[in-house]
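Trainee:
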Amino acid sequence: MSATKPPRRRQGDGTRALSKRLHRLDVLLVCGSGGVGKTSIAAALALDEAMNGRRVCVLTIDPARRLAQAMGLDALDDREREVTLPPGAAPGGSLHGLMLDPKTALDRLVAETVTTTEEQERIYANRVYQQVASSSAGMQEYMALARLFELDRGGRFDLIVVDTPPAAHARELLDSPQRILRFLEGRSLRWFLKPGARMGRVGLRAIGGSNGPILGILSKVTGAEMIRDTTEFFEAMQGIFGSISDRIRVVERMFASPSTGFLSVTSPERESVDQAVTFWELLEERQYCYVGTVVNRVEPEAPPSMATPDELTGIDGIDESLAARISAAQQDHAALAGRDRSRLDELAEATGSALTISVPRLARVVNDLDGLRALAPYLAE
Amino acid sequence: MAARTPELDPAALPLGLAPRTVFVTGKGGVGKSTVAAALALAWRDAGARTLLVELEGQASAAALLSPKKIGYEPVPLGEHLCGIRITMAEALREYVRLRLKVKLVADRLVGNPIIDQFAQAAPGFRDLLILGKLWWLATEKDSRGHRKWDAIVVDSPATGHGLGLLGMAGTIARMFPVGPIAAQAKAVDEYVRDAARVGIVLVALPEELPVTETLELREELASRGIDVAAEVLNGLLIDRFTGAESKRVEGLLDDAGTSLDPGVRHALETVVWEHTRCSDQAAERERLEAGIGHGVCVLPHMFVPQLGREHVASLARWLAPGGQDVLLAQLAGATDGPAAAAAVHAAGGAS
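The listed protein sequences correspond, in order, to chains A and B. All residue numbers for the first sequence refer to our numbering, where the first residue is 5 and numbers rise by one. All residue numbers for the second sequence refer to our numbering, where the first residue is 9 and numbers rise by one.
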């Protein structure tokens, strides 16, 4: 019933190489812009590695509950849930899924690192903390990294697959360890922790040194309340900065480790392919391990000669009108196939020795384990 | 800007919406930028002075309409149509200037590492600045005291991040009940919640996960008191084949086995693929409309290797009431369904 063809030989070497490369990895970060099927690819790879006998955990920080749907789970929460593997799995293999809830993840971090209940309550009660905990921007990247650290340290998994937020934020994901470290260790934080800073505008003006006038102006711009609350937040959080810094350093080392790989997922659309190339350049520059690019939803290649309307009309049951429409449809799809082919070539050329793996568009959207299984042949033999 | 005020044609309003500020949002990859550009064009065509807004870190919607490079000041993209790109740094500089009224100090302040760190660290400050700028644009008057813009179309971040942006003003207003920030946050929050002035346009694709996410987002927005003005279902394939025809072709493929000429086989497989997609899409459209409780605006899938300006112009015509009537009739399988569908595919636009 499906009009999808089996994997093309042309990418055969690539797919074998992908599965080989995955075996050398402890952590795989799957990156890409929104809507390219990144979650499905991440889940399909995780499932495949689990079927091959590895203990795999797939972690998502995408705010949408897509991974749960794709893996047939009712819900994913802040704890990893085991996915029942379909029959035929190699012994020892297992698959867990984990979706982060930024709010509870941050509370948990506080609970684990701040010892006294009193201190904890003070942090939970801070308005800035509440805001940071409930807003998604920025926090998710950090929480994902912290959680990745916990999972990796636990030694319970052979491979952790991370479904990262969309690509506009992929750079943020890479940069966030450095950014947070700079922030925690930098002079601006020390400034926020200065005793005078919380006294409000008068207090701010009273502070000497080069920051004095700036503080006065800043408080005029934002209001002294905003500065005071922010300062209180940093003070309250001071106790856990140390453990955050420790984790971030570990995550940074993990990024640079040869057993951590980055896989980019893209659609054949121009913007998406360009983003993949930019991402590859970024990783090359940092000498991180770029595993390859999966181009998803590629139009299957059309045969060298198309069916003419006359040829089709000759077939029993196809009249002239139907033949004309079939021919038009074929032309449309062939044009897309030609475009996709040249995008794949461009990508392969731009990203040098990295793998380029093509996954065809399927008639039906992948939304269950069987669907994920069906992707496997295209990804790893 | 042209001095003449355009005449508004109520019968030509896209999505049936009077001009206002809209945030065009949806899951990643659903065509937010395309729909935003088409909507801006459609409003302009209906006679509204229109501003298309891009945000930092987003794809360029204006590039779909004009090769002109746009920046923090509105750039004409056509008659009564301008584009603007809002960046955090520019918005911060402008805000500080407005508050301090001294340009030199403002310039020195922006770029100062402490201020930059503060803007990064202070929760929501960034989003508030962007919303504040939009609010300012929406209330901006020309030299004769008329509103400068009838319609503002914002190509917004994907749902996860967009939600944070829209909810931000109210959150800040609650966090900082007094002070200069609070005054702005309150005004911005009132603006964001005024359904006559601001609305959300949700873009979805006729696929399971985008539809589910759209339904969830609607609920989430409703719970925050933010109105969804319209939903656009993008990328609908118009079925070129009837169910009977697809069945017949499927039978031919099964009977022929491997004996078919590759060109013919590919052609027949294309029929089955397209019809399957169309059926699945129809089911998803039904689920979306049932969940929302009313019909949604539809846009056709464009069979083009790369979307160009002429295609966005076609989409703008489809968004207008006349274009919608044609599309909806065809999706409903109008008498000459397949033939008309072929015409849609070929023309890529309403007459």
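All residues carry an ideal CB built from backbone N, CA and C; glycine is no exception. Note that this is a predicted model, so its numbers are computed, not measured.
#1: A:L51 versus chain B: which residues are under 9 Å apart at the beta carbon?
#2: Would you report the Cα separation of B:I160 and B:L49, rounded to the nearest angstrom?
#3: Please state if the CB of B:L137 and the CB of B:V162 are separated by a distance shorter than 8 Å.
#4: B:V306 lies in the beta strand (DSSP E); which residues open and close that run?
#5: Mind checking whether A:Y382 and A:A240 have CB atoms under 8 Å apart?
#6: Using alpha carbons as the reference points, say which of A:R59, A:A54, A:V118 and A:Y292 lies closest to A:P90.
#7: Report the CB separation of B:L60 from B:A44 in whole angstroms; it is logged as a contact under 8 Å.
#8: Out of B:W326, B:G243 and B:R107, state which residue places its alpha-carbon closest to the alpha-carbon of B:A191.
#9: Which two residues bound the contiguous beta strand (DSSP E) that contains A:L267?
#10: Taking only beta-carbon atoms, is B:T266 less than 8 Å away from chain A?
#11: Please confirm if B:Q338 has its CB atom under 8 Å from at least one CB of chain A.
#12: Less than 6 Å between C-beta atoms, sequence neighbours within five positions excluded: which residues of the same chain meet that for A:V302?
#13: Counting along the chain, where does the beta strand (DSSP E) carrying A:S98 start and finish?
#14: Straight-line CA distance for A:R25 to A:C293?
#15: For chain B, is any of its Cβ atoms less than 8 Å away from the one on A:R202?
#16: Going by DSSP, what residues sit across from B:E239 in a beta bridge?
#17: A:L99 to B:A238, Cα distance in whole Å?
#18: For the alpha helix (DSSP H) containing A:Y294, name the first residue and the last one.
#19: State the CB to CB distance for the pair B:A328 and B:P22, rounded to an integer number of angstroms; the pair is presumed to be in contact (CB under 8 Å).
#20: Taking the Cβ atom as the reference point for each residue, do B:L245 and B:A212 lie within a distance shorter than 8 Å?
#21: Take the Cβ of B:A230 as the centre, count every other Cβ of all protein chains shown within 10 Å, and call the residue buried at 16 or more, exposed below.
#22: Relative to chain A, which residues along the stretch 64-82 of chain B have a C-beta separation below 8 Å, given in chain order?
#23: Measure the C-alpha to C-alpha separation of B:A46 and B:A56 and round it to an integer number of angstroms.
#24: What's the call for B:R325, buried or exposed, on a 16-neighbour Cβ count within 10 Å?
#25: Can you tell me which of A:P169, A:E86 and A:L32 puts its alpha carbon nearest to the alpha carbon of A:F266?
#26: I want to see whether chain B comes within less than 8 Å of A:S362, judged by CB atoms only; does it?
#27: Using a C-beta cutoff of 8 Å, does A:V40 count as contacting chain B?
#28: If we ignore side chains and look at the alpha-carbon of each, how far apart do B:G341 and B:A290 end up?
#29: If you draw a straight line from the alpha carbon of A:L379 to that of A:V34, how long is it in whole angstroms?
#30: Are the C-beta of A:M310 and some C-beta of chain B separated by less than 8 Å?
#31: Which residues mark the beginning and the end of the beta strand (DSSP E) in which A:T312 is found?
#32: Going by the DSSP bridge assignment, what does B:F31 pair with across the sheet?
#33: Between A:T264 and A:L29, which are expected to be in contact by the criterion C-beta below 8 Å, what is the C-beta distance as a whole number of angstroms?
#34: Of all the CB atoms in chain A, is at least one closer than 8 Å to the CB of B:T222?
#35: Going by the beta-carbon positions, is the gap between B:V257 and B:V30 smaller than 8 Å?
#36: With a Cβ-Cβ cutoff of 8 Å, do A:I252 and A:L113 count as a contact?
Mentor: Taking the definition as stated:
#1: By Cβ distance, chain B contributes nothing, its closest Cβ being about 17 Å from A:L51, past 9 Å.
#2: 11 Å
#3: no
#4: C305 to P308
#5: no
#6: A:A54
#7: 7 Å
#8: B:R107
#9: T264 to T270
#10: no
#11: no
#12: P272, D344, S362 and P364
#13: S98 to M103
#14: 10 Å
#15: Confidence at A:R202 is low in this model, with a pLDDT of 43, below 50, so the placement of that residue should be treated as unreliable; the coordinate-derived value is given next. No, its Cβ sits nowhere closer than 8 Å to a Cβ of chain B.
#16: B:L210
#17: 40 Å
#18: Segment C293 to V302 is the beta strand (DSSP E) holding A:Y294; no alpha helix (DSSP H) there.
#19: 5 Å
#20: no
#21: exposed
#22: G65, Q66 and A67
#23: 14 Å
#24: buried
#25: A:L32
#26: no
#27: yes
#28: 11 Å
#29: 16 Å
#30: yes
#31: Counting along the chain, A:T312 falls outside any beta strand (DSSP E), and DSSP gives it neither H nor E.
#32: B:V162 and B:I208
#33: 7 Å
#34: no
#35: no
#36: no
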